[in-house]
Every structure is written in structure tokens, then in C-alpha cells.
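From first to last, the protein sequence lines are chains R and D.
With positions in the first sequence counted from 1, the corresponding number in our numbering is that position plus 115.
With positions in the second sequence counted from 1, the corresponding number in our numbering is that position plus 59.
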Amino acid sequence: MDVSGKMAFGVMGMLPPTSACSGGFQRNDKRQNQTMKSDTKSEARQKSIIHLDMDAFYPAVEVRDHPELKGKPVIVGGGRERGVVSSASYEARKFGVHSAQPMATAMRLCPHGIFLPVRMSRYQEVSRQVFEIFHSFTPLVEPLSIDEAFLDVTGVERLSGPPREIALKIKEKVLDETGLTVSAGVAPSKFVAKIASDMDKPDGLTVVPPDRVREFLDPLPVDKMWGVGKVTQQVLARLGVRTFQDLTQIPVGLLERTLGKHGAAMHRLAMGIDDRVVEPGHETKSIGHEETFARDILDLEEARKEILSLAGRVARRMRREDVRGLTVSLKIKYADFTLITRAVTLTEPVDDSGEIYATACRLLEKTEVGRRPVRLIGVSLSQLSSPDKETQLRLFDDDRASLKRKGLTLALDSICDKFGEKSIQPATLVSKT
Amino acid sequence: MHICTQRERLIQALTKVGGVVEKRQTLPILGNIHIHADDDVLTFTGTDREVEIRTRLAASVIEPGEITVPARKFIDICRAVPDEAEITFKLQSQRASITAGKSRFNLSTLPAEDYPLMETSSGDQSIELEQGMLKELFDKTGFAMANQDVRYYLNGLFLKVQARGVTAVATDGHRLAMLEQLVDLPIDEPIQVIVPRKTVHELNRLLESGGERVRLDLSQRTLRAVIGDTLLTSKLVDGRYPDYERVIPLMADKVALLDRDALRQSLLRTSILSNEKFKGIRLSFAPNELTLQAHNPEQEEAEEHMEIEFTDEPLAIGFNVGYLLDVLSVIDEPRVEIRFAESNSSALMRGAGREDQTYVVMPMLL
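Right, here's the structure in full:
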């Protein structure tokens, strides 16, 4: 591939020979990239999307707040006994520590690591700062999580320069104002931008111009594809598919037969076709709580109690954010770390703990809880919407009992908000001592 | 156990019982089909513990016995072997050896005594109907059943059996479908049951549209349907069905008469630009003209006009277009009647002149 001749990826100069980036896609040279001259001429309706992903966000915030930790392996996560790693600094990752790993394993791999509890409210605070910076470049910001977002910068070139320069400016501003680094991927679609931001972490910048999308995607292994886990990877391997290019060359019908709808979607994505727009305002995609237990749960009744407590917390957060959810998911991690999820989409969105509890209990019947020890239970709601947008009238009007219940629920919420989570709760959750 | 039968007949029997077997189950044996062989008769049973289907098939039984085998795999094997093949099934040291022509399969088994067969007590009351009659009830109301609703009693079909006939009602809380079949039945006290959603679909699959008979045995907790050599047993939904008669808008006095196909086409076209999630469409009724309008969050708009019979005061009313299309798809008459009173109360739809059918749709506020 002739990179230098075409000034291919919008960045001037050759790839450093030691570059680990395959296929010659130009990554951020961290200083040189200020010197690029011209952006690839964009087509009329070509979108410019930037995916921004904070580097090891939780540990980075901790290091910034405690500078003496700089350069040390910092691991943020739950309790030492049974918790899992939420996020690990790059120093810790060298020891094989990664998120979702049991804390106990992390401690074995990295005995000298600095283990810190999750300070969610602090991270949220910093996250707000970072998102404010994102918003200063475009209103089209779609948050994916506390530390990750898509920005649509199509058409703001005149104001802020070509997309690559915008990405650089954002990186600079984030570093200036928060002391944190963020990796960016610039591409004509969400899918490609997200992959690109991951190519050169930390503090990376990878630009994929519209005419080089296929060239960029083709050599990538399929596990970079959204939704491709171990199982799908095995299925694909049996079809002889290892790279994105392999994926584009296999008949879409065959993919559809073996992997369902998802197969066809994967085929399109591998071809670089992704029309999804950046949707600002869809702040929260799901609301959930989960609990890892100090002792494995063996008893079905005990599992139900935990679900009741989780449902209460989820419902309370939903009402606080004034949303309702259409899909209820129950997540179970068995003692042997097998993770399963059971979900159901309801006819009408809910925000009531009783309804969430009843639905989650129905899902519980589709699991082996009670016959197999359980380590973690999670309850979440997705397909969220604001009640005011739901204007479908009902045949059977909410009778007085349910209105009364609504009033009661709101009163209970305000007690919890004021006096804490456990100040008032269902009688079944109050342990007898 | 050693049996021998012909592929097509075997597939026919297996597909009848295979449908109830869930793809994902918590107990491995629930993924299996129970096979019983004796006196040159094979009996196949599938279950999900809520609904069970059992069917019989004459075959040559060389050695009687009973066993369970994985449903999907067994059906897939039978389908995959050549047409007209003679299939031999033989149990050898806890494995099912299946041979057909030059193919041989060795399938895992689980003991028959662990299979959760349902008790076969007879019902309190029995009725016989033409299969086509029951099928029509299911076909024309089933679409309005709730799916996975917290109000579990809506996840099924309400059947009311009286001396003068059978009424089926389904509702998900937004729309309601009701159909009555008039037929003389030897019933003293009316019987009311809620048939679970899955049972409705499975039973409907077994029904033919003709005049063959189906016997229904009804009791407090179970329903049993006998269709030829096939027997379906199902638990019933234990709950109180909502007072549906109260929500039928008998006082709706504005009446519009519309051409069914023209309305369907207009709705389909207009819905292209309706909000993908809420699917709202505004119907503005004016003397002899209906205007359909839709728009989406991107501010794109669709508008359409059609001629109708309507003489009342103009009125605009919004609906989820999906609910209207569902109703139109089960109306046989070329003309549709829509009755309503005001923008925020329910509308009643039916095929013109069909007093036996009632479709109620609640509007949306647009």
C-alpha cells in the first residue's frame, strides 16, 4: 500500500517503521500531526464522526487526584474478597489485569498493585467536565458511557477546522482542563470511528478517511466486530472467517442462516456500511444495578430477596431520571463465572419496583438459580423513554389503587433520598437480628 | 425398544409435538421428546410443563419400550434423510441408533420415567366444535393478546363458552379483539377460561380450517383438546380477566364507512414517515373525506387523502398505525366501519354489518 504517495490517512509523513499498527493506517504521531496539509475531500453527504474514549478512566482520575500514584499499577474495583476489577491503569494491564476480572485474581497477578475502591460520584464529576468540552465543539454528542462518546462534526469544519484537527483540539483541551488523556478515532461512520479510537490507545488518534474505510477494515480480525464474542468467533472460524475481509467475501445468506439477523448486520458493517446517526440526548441506554455476593447464593428465596432489593434501586433511579423502560434484563453469574442474561420486552414501559420485581422473577424461572450456586445477580432496564412521550391511551384506566400506590412510591423514594438506601425497605429485606 | 416407520409419517407426528419444546430450557429433559412404543403404536409427547402435546402413529414395533431423545436433533435427522426413507429406531445401551438408507445416527437419550408427563384427568365439561370455527376465533382475535405483560392474565385468550356459542376476547390494554361464534352447545352454566398465549398458537397449528371436529374438555385449571389422534393438554391462566364489556364504546355515534384495501394502502404509505417508535398517525374525518397525516422526529411529513362515507362533524383522532393494520388484516369484508365519539376515547372497528365482531382501539394523543 502506497501510504506516502497519497498522503493517505490525512497525516503527513511515513509510518514509523516500528509501528505496531498493521495495514499502514496512520496513527497519531503525537507531535507531527499538527503539520498535515489537506484533509481528504469529503463527499457531499459524507459524515465526519469522532469516537472519543478516555484512557483507563477511573485509575486516571485516581492518579490525577493522588499524583504520588503516577507510574504505579492502579486497580479500581470492588471488594477484595469477591469484587471484580472495574478498570486498571496501563501499568497494571502489563501484569495481565483487566476489567471484569475477579479482584482476587488481580491481586495474585499484581501483588504490588494499588487497589482502590470505586468512587463513582468523583468519576461522574470529571465525566461532566469532559462532556462539557465535547459539547463545546458540537451539540451532536452521543454519550455511550461515563467515559465514551460519539461526536458528529459534519459541517462544523468552517468553525473548527477539519475533523482531525477538531479531534486534536479536543484531546488538547481535555488534557489541559482535566489532566487526562483521551483516544480518538475519526471516520465517516460510528462503527469505524469506534474501532479506530481503539487502534492506538492510550492518547491515540487514528483517522480513517472515507475512501480508505475498506482498506482499514479488511485486515482486522473479526473479534473487533461489535457483538462478536467467543461463541460467534468460533462459528465464524468454522466458516473460515478470520478477518473483516473474509467476512465481506462470504455470501450474506450463509451468514444470515448461521448467525441470524446479526449475521447480515455484520456483513454490512464489514463492508463499511453503517448509517447509524449520532443521537444526542439518548443519555442513558439502560439503568441497572448488580450485586456480587460475599457468599454464593444457593437458595431461590434468597435470590428473590436480592432481586427485590435490586428492583427497588433500579426503579428509584428510573423515577429520579424520569424514564421508564420497556425491556427488563436479569443477569446471573454462577459460582463458576458462567454468565447468562435473560431478558423480556414488555408491552408497556415500567418504572415500578413491583412490576420490575415480578418480571425479573419470571425471568428467574428460566435460569438454574436454586439448583446452581450464584455469585452475582443484576437487574437492568433498557429501551428507556420519558413518560411524557407516551401518549397511547389505555383501555383499562389506571384504577385508584394504582394511583394511590404511585403516591406511596414517590413518598418512599423521598425517604430513601433523604435518609439513605436502607432507611425504609420491604419487610422481607429487613433482616431479623 | 426397536421400531420401524416411514419418514414422512414420522415427520408429520414429530412436528405436531415438537413445537411446544422450548429451544432454551432449564432442564435438559425438557428439550426432549418422549417416545412410547407398544402394540404397533408409537406415542410421541412434547411438553414445556405448561402445555403438552401427544400424538399417536401406527408403526411396526419390533420390540416395545419407552425413551426420550433430543427433539430438535431427532426432527432434523428425520428431515435430512431422503424422501420416502424407511427409518429404524433402536435403543442400544442408552443410545438411540437411528438408521435410514445408508445413514446411521447415534443419539443421546434420557430415561422416560424422568419425563414430566401431565396427568390426564378428564374435564368437568366437554364441547365439540368444528375445527374451522375454533380456528377462526383464534385467527381473528389472537393478534391482540399481550405478550409478556406484567398483567399475566392478558398474556392469553379469554374464552367464554355458553349455550348459544363461544366468544373469544383478546386485549393488551391498548386494543381489544372480540369475536362470537354462534352454535348450540349443551352447556348449563357459562364457562370462562383464559388460555395461555403459547397454547393458543400451538392449538391453532393443529387445527384444520374444515368441518372436522375438535373436542374441548374444560375444567377449572386445565384445557384438553382432542383432534383426531392428537391430544393437547394445557394449564390455564389463573386470574381474573378484565371487564372488557365496559370498554366497548357502545355510545360511539360518529360512523365512517371506508374501503378496506384503500385504507390499508393509505395507512402503509403514510406510516413510512411516522415516528418509528410510537407509530402515530392522525386521521382527520371530514364529510366524505379522510386525511391521513404522519410526521417523525426528523420533521419529515406524509399526507394522504381518501374518499369515505362520513356525514358527521369533522373530527381528528390519532392512532398507532400498527393497531389499525392488525384489525384490517383480519376483516374479510371489503368495507370497514369505524365508530367513534371523540378524539380521546376509543374507536370501534368491524367489517361492515358484522355485528359478531368487535375491534376496539384506543387512540394516541398526537
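For each residue, glycine too, the CB sits at the ideal point set by N, CA and C.
Whole-number beta carbon distance between residue j and residue i, since they are thought to touch under 8 Å
| i | j | result |
| --- | --- | --- |
| Leu-266 of chain D | Lys-194 of chain D | 4 Å |
| Thr-127 of chain D | Ile-94 of chain D | 7 Å |
| Val-484 of chain R | Ala-418 of chain R | 5 Å |
| Asp-338 of chain R | Arg-434 of chain R | With 8 Å as the limit, Asp-338 of chain R and Arg-434 of chain R do not qualify as a contact, their Cβ atoms being about 39 Å apart. |
| Lys-309 of chain R | Gly-300 of chain R | 6 Å |
| Pro-301 of chain D | Asn-334 of chain D | No, Pro-301 of chain D and Asn-334 of chain D are not in contact; Cβ-Cβ is about 28 Å, not under 8 Å. |
| Ile-412 of chain R | Glu-421 of chain R | 7 Å |
| Ala-144 of chain D | Arg-68 of chain D | With 8 Å as the limit, Ala-144 of chain D and Arg-68 of chain D do not qualify as a contact, their Cβ atoms being about 11 Å apart. |
| Ser-402 of chain D | Val-419 of chain D | With 8 Å as the limit, Ser-402 of chain D and Val-419 of chain D do not qualify as a contact, their Cβ atoms being about 16 Å apart. |
| Ser-497 of chain R | Thr-442 of chain R | 5 Å |
Cβ neighbour criterion (16 or more within 10 Å) applied to residue i
| i | result |
| --- | --- |
| Val-395 of chain D | buried |
| Leu-424 of chain D | exposed |
| Val-289 of chain R | buried |
| Leu-161 of chain D | Here residue 161 of chain D turns out to be Lys, not Leu, going by the sequence shown. With fewer than 16 Cβ atoms within 10 Å of its Cβ, Lys-161 of chain D is classed as exposed. |
| Val-273 of chain D | buried |
| Gln-416 of chain D | buried |
| Glu-470 of chain R | buried |
| Leu-327 of chain D | exposed |
| Arg-142 of chain R | For Arg-142 of chain R, the predicted structure reports a pLDDT of 47, less than 50, and the residue's modelled location is therefore unreliable. A value from the coordinates is still provided. Answer is buried; the Cβ neighbour count reaches 16. |
| Leu-426 of chain D | In the structure displayed, chain D extends from 60 to 425; residue 426 of chain D sits before or after that span and is not available. |
| Met-408 of chain D | buried |
| Asn-347 of chain D | exposed |
| Met-204 of chain D | buried |
| Leu-510 of chain R | buried |
| His-181 of chain R | exposed |
| Thr-329 of chain D | buried |
| Asn-206 of chain D | exposed |
| Lys-145 of chain R | For Lys-145 of chain R, the pLDDT reaches just 42, beneath the cut-off of 50, and the residue's location in the model is therefore unreliable, leaving the point undetermined. |
| Val-346 of chain R | exposed |
| Asp-168 of chain R | buried |
| Asn-379 of chain D | buried |
| Leu-429 of chain D | Because chain D here runs from 60 to 425, residue 429 of chain D falls outside it and cannot be looked at. |
| Ser-312 of chain R | buried |
| Phe-452 of chain R | exposed |
| Leu-322 of chain D | buried |
Closest residue to residue i among the options (Cα-Cα distance)
| i | options | result |
| --- | --- | --- |
| Lys-162 of chain R | R:Lys-420, R:Gly-276 and R:Gly-270 | R:Gly-270 |
| Asp-231 of chain D | D:Gly-215, D:Lys-219, D:Phe-164 and D:Leu-241 | D:Gly-215 |
| Thr-482 of chain R | D:Val-76, D:Lys-75 and D:Gln-84 | D:Gln-84 |
| Asp-361 of chain R | R:His-377, R:Ser-201, R:Ile-455 and R:Leu-335 | R:Leu-335 |
| Val-306 of chain D | D:Phe-344, D:Ala-229, D:Val-254 and D:Lys-294 | D:Ala-229 |
| Val-233 of chain R | R:Gly-211, R:Ser-201 and R:Gly-186 | R:Ser-201 |
| Ile-229 of chain R | R:Lys-187, R:Tyr-238, R:Gln-244 and R:Gly-319 | R:Lys-187 |
| Asp-98 of chain D | D:Glu-125, D:Leu-238, D:Asp-135 and D:Gly-412 | D:Glu-125 |
| Glu-272 of chain R | R:Ile-261, R:Lys-284, R:Asp-262 and R:Glu-263 | R:Lys-284 |
| Pro-174 of chain R | R:Leu-295, R:Glu-416 and R:Leu-351 | R:Leu-295 |
| Ser-185 of chain D | D:Arg-154, D:Val-259, D:Thr-281 and D:Pro-129 | D:Thr-281 |
| Glu-217 of chain D | D:Asp-247, D:Arg-264, D:Gln-190 and D:Arg-299 | Checking the sequence, you will find Phe at residue 217 of chain D rather than Glu. Nearest C-alpha to Phe-217 of chain D: D:Arg-299. |
Contact with chain A by residue i, beta-carbon distance below 8 Å
| i | result |
| --- | --- |
| Val-419 of chain D | Looking for chain A here will not work: the only protein chains present are R and D. |
Residues within the stretch 224-242 of chain D neighbouring chain R, beta-carbon criterion of under 7 Å: Thr-230, Asp-231, Gly-232, His-233 and Leu-235
Positions along the stretch 469-485 of chain R whose CB lies within less than 7 Å of some CB in chain D: Glu-470, Ala-473, Thr-474, Lys-481, Thr-482 and Glu-483
Under 9 Å (Cβ pairs) to chain R, residues found in the stretch 386-417 of chain D: Asn-403, Ser-404 and Ser-405
Minimum length 3: unbroken beta strand (DSSP E) runs contained in the stretch 410-476 of chain R: 439-449 and 454-465
Residues within the stretch 294-308 of chain D neighbouring chain R, beta-carbon criterion of under 9 Å: Pro-301, Asp-302, Tyr-303, Arg-305 and Val-306
Within the stretch 204-265 of chain R, ranges of the alpha helix (DSSP H) (whole runs, at least 4 residues): 205-208, 218-224 and 235-250
Residues of the stretch 449-462 of chain R with Cβ closer than 8 Å to any Cβ of chain D, in chain order: Val-459, Thr-460, Leu-461 and Thr-462
Residues of the stretch 207-219 of chain D with Cβ closer than 7 Å to any Cβ of chain R, in chain order: Gln-207, Asp-208 and Val-209
The stretch 234-261 of chain R: positions lying closer than 7 Å to chain D by Cβ: none
Contact set between the stretch 308-327 of chain D and chain R, restricted to residues whose Cβ is under 9 Å from the partner: none
Whole runs of the beta strand (DSSP E) within the stretch 201-287 of chain D, excluding any shorter than 3 residues: 215-221, 224-230, 234-241, 250-255, 272-277 and 281-286
Against chain R: residues of the stretch 101-132 of chain D by CB proximity under 8 Å: none
Against chain R: residues of the stretch 154-181 of chain D by CB proximity under 9 Å: none
Near-chain D residues of the stretch 408-429 of chain R (beta-carbon distance less than 9 Å), N- to C-terminal order: none
Residues from the stretch 275-289 of chain D in contact with chain R, defined by Cβ distance under 9 Å: none
Contiguous alpha helix (DSSP H) assignments of at least 4 residues, all confined to the stretch 79-147 of chain D: 130-139
Complete runs of the alpha helix (DSSP H) confined to the stretch 315-375 of chain D [at least 4 residues]: 319-330
Under 7 Å (Cβ pairs) to chain D, residues found in the stretch 219-233 of chain R: none
Length at least 3, wholly inside the stretch 153-185 of chain D: the beta strand (DSSP E) runs in chain order: 154-159 and 162-167
Residues of the stretch 289-300 of chain R whose Cβ lies closer than 8 Å to any Cβ of chain D, in chain order: none
Against chain D: residues of the stretch 359-385 of chain R by CB proximity under 8 Å: none
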